[in-house]
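Colleague: Be aware that the sequence shown starts at 1, since it is given in the numbering used here, and climbs by one per residue.
We put the beta carbon where it would ideally sit given N, CA and C, even for glycine.
Treat the numbers as computed from the prediction; the structure is a model and nothing was measured.
Structure below; questions to follow.
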Amino acid sequence: MQTFDIDPDIRLARALPPSVYGDPEVFARQRERVFARSWQWCPEAATVPRDGDAAPFTLLPGCLDEPLVATRASGVVRALSNVCTHRGHPVVACPANAASLRCRYHGRRFGHDGRFLSMPEFAGAADFPSADDDLAAVPLERWGPLDFVSLRPAAPLRAVLAQIDARVGSLGLDRLVRDPSTDRDYAFDASWMLYCDNYLEGLHIPFVHPALNDAIGYDDYRTELAPWGTLQLAFARDADDVAFALPPGHPDGGARVAAFYAWVFPNLMLNFYPWGLSLNAVQPVGPARTRVLFRAFTWDPALRAGGAGAGLDRVELEDEAVVVASQQGMRALLAKRGRYSPTKETGVHHFHRLLAAAHA
Ligand code: FES
Ligand SMILES: [Fe+2]
């Protein structure tokens, strides 16, 4: 099993070994060490609006592959294991509204809170039912318009999002409205880590995204580190470029912020623009195969045509092209561990340190 050290001093550090990108053993280990411990965006929690609703889903398909079911009872939305505690059959096969959840294999019934209710032919079983016969409940929490679940959280969601919340929490997250009209799913042949590496630095912007570069100021582009993520700030270049109207008392008050790019370890990107939020959920589906879901939540759709938050589809394809080409390079026998720009790649260095700690 590969381990890797990343020097805490960015001026001395070498980046991840090239073979880590695309290694099946690394990928398998990350399933438990990285993804099971992280908070994952859970849009399915919004699909059970009525008491008695139950909607099955797979958490992070292709990576965690965990069968879960979103349920609602007495107004409380939960995420439960969708694996029957008798012999492992899925409990809920398709979205339904019913008084209880019934496994179709041998008829075991559960409440929408996961509690065991009944089971045929178990009259003589000792110590039955016990808590082990209930469906496991998975922590489910909400921040603004977003629901999150975690199988084995390494830290509370509040702590994970604290620094991000301090910057964007006052912008009116509860007023964001989901807009499915621009949903896009992208898939490409590269490790999810290369995709995140690319997201976490602005160094490539002048080279790869000429149009975006025209809308933001490269020199004052800034990266801030948080225990479980990063925050990148882009500032409007010209007086007529779109910028946030920040509320009084905001830490960036007086600055013309064009975008807050928040990254939540390991695989969630929350890009806040004056028009709203572009959420990028990065889904590893194989050691060198990645799917990225783009989902939008808007404050003011009319602002979408200009500034840093315009042309996101073009920017994405520009990013994919360089990431896929770099994945090819990482396979080369002569590939070397790279170095970090001390001024522009602090976010990438931070990501690699978090990964190394999770793998240790
Ligand atoms: S597997 Fe569900 S009742 Fe037997
Ligand atoms: Fe980019």
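From the DSSP output, in three-state form, read off Glu320 for me.
Modeller: One-based indexing of the sequence shown puts residue 320 at position 320. Three-state DSSP puts Glu320 in a helix.
Colleague: Using only CA atoms, which one of Arg104, Asp132 and His209 lies nearest to Glu316?
Modeller: Mapped onto the sequence shown, residue 316 falls at position 316. Minimum Cα distance to Glu316 is reached at His209.
Colleague: What first and last residue would you give for the alpha helix (DSSP H) that runs through Asn280?
Modeller: As a working mapping, residue 280 is identified with position 280 in the sequence shown. Note, Asn280: premise wrong, no alpha helix (DSSP H); beta strand (DSSP E) at Gly276 to Gly286.
Colleague: So the candidates are Pro284, Tyr273 and Ala255; which of them puts its Cα closest to the Cα of Ala305?
Modeller: The sequence position of residue 305 within the sequence shown is 305, counting from 1. The shortest C-alpha separation from Ala305 is found at Tyr273.
Colleague: Which runs of the beta strand (DSSP E) fall wholly inside the segment 84–140 and span at least 3 residues, in chain order?
Modeller: If we require 3 residues or more, the beta strand (DSSP E) runs fully inside the segment 84–140 come out as 116–118.
Colleague: State the DSSP-derived secondary structure class of Ile6, mapped to helix, strand or coil.
Modeller: Locating residue 6 in the sequence shown gives position 6, counting from the first residue. Here Ile6 sits in coil by DSSP.
Colleague: Once DSSP output is grouped into helix, strand and coil, what is the label at Tyr186?
Modeller: In the sequence shown, residue 186 corresponds to position 186, counting from 1. DSSP places Tyr186 in strand when its eight states are reduced to three.
Colleague: Grab me the residues of Arg102's own chain with a C-beta within less than 6 angstroms of its C-beta, minus the 5 sequence neighbours each way, in chain order.
Modeller: The count along the sequence shown starts at 1 and reaches residue 102 at position 102. Taken in chain order, the residues that qualify are Arg109.
Colleague: Between Gly111, Arg31, Gly107 and Ser38, which has its C-alpha nearest Ser74's C-alpha?
Modeller: Locating residue 74 in the sequence shown gives position 74, where the first residue counts as 1. When each option's Cα is compared against that of Ser74, the closest is Gly111.
Colleague: Is Pro90 closer than 9 angstroms to Asp53 when the C-beta atoms are compared?
Modeller: In the sequence shown, counting from the first residue as 1, residue 53 sits at position 53. In the sequence shown, counting from the first residue as 1, residue 90 sits at position 90. No, the pair does not count as a contact, with Cβ atoms beyond the cut-off.
Colleague: Going along the chain, which residues of its own chain have a beta-carbon closer than 8 angstroms to the beta-carbon of Asn97, five neighbours each way excluded?
Modeller: Looking up residue 97 in the sequence shown gives position 97. These residues qualify, in order along the chain: Arg50, Gly52, Asp53 and Ala54.
Colleague: Can you tell me which residues form a DSSP beta bridge with Pro56?
Modeller: What you label residue 56 is simply residue 56 of the sequence shown in a count that begins at 1. Beta-bridge pairing links Pro56 to Val69.
Colleague: With distances taken from each beta carbon to the nearest heavy atom of ligand 2, which residues come in below 7 angstroms, in chain order?
Modeller: Result: Asn198, Tyr199, His204, Ile205, Val208, His209, Val315, Glu318 and Asp319.
Colleague: Using a 10 Å radius around the Cβ and a threshold of 16 neighbouring Cβ atoms, would you call Gly62 buried or exposed?
Modeller: Here residue 62 corresponds to residue number 62 of the sequence shown, with the count starting at 1. With fewer than 16 other Cβ atoms within 10 Å, it is exposed.
Colleague: What are the partner residues of Thr343, as DSSP defines its beta bridges?
Modeller: For the purposes of this step, residue 343 is taken as residue 343 along the sequence shown, with counting starting at 1. DSSP output for Thr343 lists no bridge partner at all.
Colleague: Near Asp113, what residues of its chain come up, given a Cβ to Cβ distance below 7 angstroms and the 5 sequence neighbours on each side ignored?
Modeller: The sequence position of residue 113 within the sequence shown is 113, counting from 1. Around Asp113: Ala73 and Arg78.
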